[in-house]
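> Numbering (my numbering), first residue to last: 64 to 406. Below is the structure I would like to discuss, written out as structure tokens.
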Amino acid sequence: MAGVSTPAMAAAVSAAGGLGSIAVGAADAAGADAMIAEMRERTSRAFNVNLFCHSPAVSGAAIEDRWIERFRPRFAEYGAEPPAELREIYRSFVEDEDMLDLLLLVQPPVVSFHFGLPRGGWIQSLRDAGIVLLATATSLAEARAVAEAGVDAIVAQGWEAGGHRGMFDPDAPDERLPALELVRLIASELDTPVIAAGGIMDGAGINRALGAGACAAQLGTAFIACDESLADEGFRAALASQATYSTVMTRAISGRPARCLANRFTALGADIPASEVPAYPIAYDLGKSLNAAAKARGEYGYGAQWAGEGAPRFRAMPAGQLVQALAAELSQANISVEGNCHE
Ligand SMILES: Cc1cc2nc3c(=O)[nH]c(=O)nc-3n(C[C@H](O)[C@H](O)[C@H](O)COP(=O)(O)O)c2cc1C
Numbered sequence: 064m065a066g067v068s069t070p071a072m073a074a075a076v077s078a079a080g081g082l083g084s085i086a087v088g089a090a091d092a093a094g095a096d097a098m099i100a101e102m103r104e105r106t107s108r109a110f111n112v113n114l115f116c117h118s119p120a121v122s123g124a125a126i127e128d129r130w131i132e133r134f135r136p137r138f139a140e141y142g143a144e145p146p147a148e149l150r151e152i153y154r155s156f157v158e159d160e161d162m163l164d165l166l167l168l169v170q171p172p173v174v175s176f177h178f179g180l181p182r183g184g185w186i187q188s189l190r191d192a193g194i195v196l197l198a199t200a201t202s203l204a205e206a207r208a209v210a211e212a213g214v215d216a217i218v219a220q221g222w223e224a225g226g227h228r229g230m231f232d233p234d235a236p237d238e239r240l241p242a243l244e245l246v247r248l249i250a251s252e253l254d255t256p257v258i259a260a261g262g263i264m265d266g267a268g269i270n271r272a273l274g275a276g277a278c279a280a281q282l283g284t285a286f287i288a289c290d291e292s293l294a295d296e297g298f299r300a301a302l303a304s305q306a307t308y309s310t311v312m313t314r315a316i317s318g319r320p321a322r323c324l325a326n327r328f329t330a331l332g333a334d335i336p337a338s339e340v341p342a343y344p345i346a347y348d349l350g351k352s353l354n355a356a357a358k359a360r361g362e363y364g365y366g367a368q369w370a371g372e373g374a375p376r377f378r379a380m381p382a383g384q385l386v387q388a389l390a391a392e393l394s395q396a397n398i399s400v401e402g403n404c405h406e
């Protein structure tokens, strides 16, 4: 969870028996190196390093200038100017050879890809280094591509999931399958193990995912309010308010569809056609600036408050305790995972 998870949170999850994940999608190789080193200082357990594999941004000056002008009045409300131009604020892993070199050097136990896949040669190099690979799929077609690329497990991300939709092409039609339907479909068609993601907030939810054919579950929203999270006070307050009952898929904040608590930004984005939004992550440059300007005046409603439909069932506690609670709930629910994991 880029921007929310921390090495402290991921290490606590791993120490408690889960697979903690650090997100380096918004970092460069040096930043990733520091986060991986911190993970290793904090835990000797396995952990995952998550990367963004989006197609490198292409939008153009005209669409970006119109975007800046569209939001100028919002900035003015908070006594601020929009950025003069928008930047691609981070690189996709697919063109970041420094990141590949780093991963091959420091060899984290697990690496996961979101928004697509790197080229085959890179996947092979990571596998040859003994790294277990995971990749998000939001449809059977994407799951097939993941399996055919030789990735070890498929993260089946349902429509209800918080954060960015992992679809490879954000402009393609979206089948919008809920997590468990997607898990059932992929598990029935492919031999690659499936990890369920979307709307899972407790051990009973993990149990349902296993019952649908998953070999594991990936939880995001459940951890937003944990002590080790970077979620700011506005995000935590929104989660704990009526806002938690309404999440929407929006493209306006970052340039890619992502599920967010309904807030001022998602309301502004509701009527904007996808064709008018600059590419990801160029749009996010403005989104982050607007949030910073509003926050400086005490308004938190422009935050990227990514959260899934399970948000009302969040629990605020240390991440390790949450993993223990999930494990206890799962053992009470008690469905065997053997047979779903294909070794
Ligand atoms: C705050 C937040 C940030 C996220 N950031 C990332 C990310 O950096 N990389 C990624 O692969 N998925 C990210 N996701 C999506 C998760 O991987 C996962 O698909 C999702 O959390 C599962 O649904 P749930 O939120 O209902 O548990 C994020 C989700 C949330 C809620």
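Yeah, the Cβ is synthetic: ideal placement off N, Cα and C, and Gly gets one too. Here the structure is a predicted model, which means the values were calculated and not measured.
1) In angstroms, rounded to a whole number, what distance separates the CA positions of A321 and P381?
2) What separation, rounded to the nearest whole angstrom, lies between the Cα atoms of L165 and A92?
3) Measuring only from the beta carbon, is A224 closer than 6 Å to any heavy atom that is part of ligand 1?
4) What residue range does the alpha helix (DSSP H) around T329 cover?
5) Are there 16 or more other CB atoms within 10 angstroms of the CB of G193, so buried, or fewer, so exposed?
6) So who's on the other strand from T310, going by DSSP bridges?
7) Using only the heavy atoms of ligand 1, determine whether one of them is closer than 6 Å to the beta carbon of H117.
8) Among all the DSSP beta bridges, which residues are the ones paired with H227?
9) Would you say the beta carbon of M64 is closer than 6 Å to some non-hydrogen atom of ligand 1?
10) Got a sec? Which residues, its chain only, sit under 6 Å from V214 by beta carbon, not counting five neighbours each side?
11) Report the rounded CA-to-CA distance for F134 versus M230, giving the unit in angstroms.
12) With DSSP as the reference, label V214 as helix, strand or coil.
13) Between V87 and G276, what straight-line distance do the alpha-carbon atoms span, to the nearest angstrom?
14) Restricting to Cα atoms, I'd like to know which of G80, S338, E104, D265 is closest to P70.
15) How big is the Cα-Cα spacing for Y347 and I316?
16) Is A260 near ligand 1, judged by its Cβ being under 6 Å from some heavy atom?
17) Rounded to whole angstroms, what is the Cα-Cα separation between E158 and N397?
18) Using only the heavy atoms of ligand 3, determine whether one of them is closer than 6 Å to the beta carbon of V87.
19) Let me know if D265 comes out buried or exposed under the rule of 16 or more other beta-carbons within 10 Å of its beta-carbon.
20) Is Y365 near A357, with beta carbons less than 7 Å apart?
21) Counting contacts by CB-CB distance shorter than 7 Å, is N326 in contact with chain C?
22) What is the DSSP secondary structure of N403, counted as helix, strand or coil?
23) Quick check: the region 217 to 232 against the region 251 to 267, are there 3 or more CB pairs under 8 Å?
Result, derived from the coordinates:
1) 26 Å
2) 6 Å
3) Distance from the C-beta of A224 to the nearest heavy atom of ligand 1 is below 6 Å.
4) 327 to 332
5) exposed
6) L324
7) no
8) A321
9) yes
10) Scanning its chain for C-beta atoms nearer than 6 Å, with the 5 sequence neighbours on each side dropped, one finds around V214 the residues L196, A198, in chain order.
11) Going by the C-alpha atoms only, they are around 27 Å apart.
12) coil
13) 29 Å
14) E104
15) 6 Å
16) yes
17) 43 Å
18) By its list of ligands, the structure shown excludes ligand 3, since it contains just ligand 1.
19) Buried is the call here.
20) yes
21) Absent from the structure is chain C; it holds one protein chain and no more.
22) coil
23) yes
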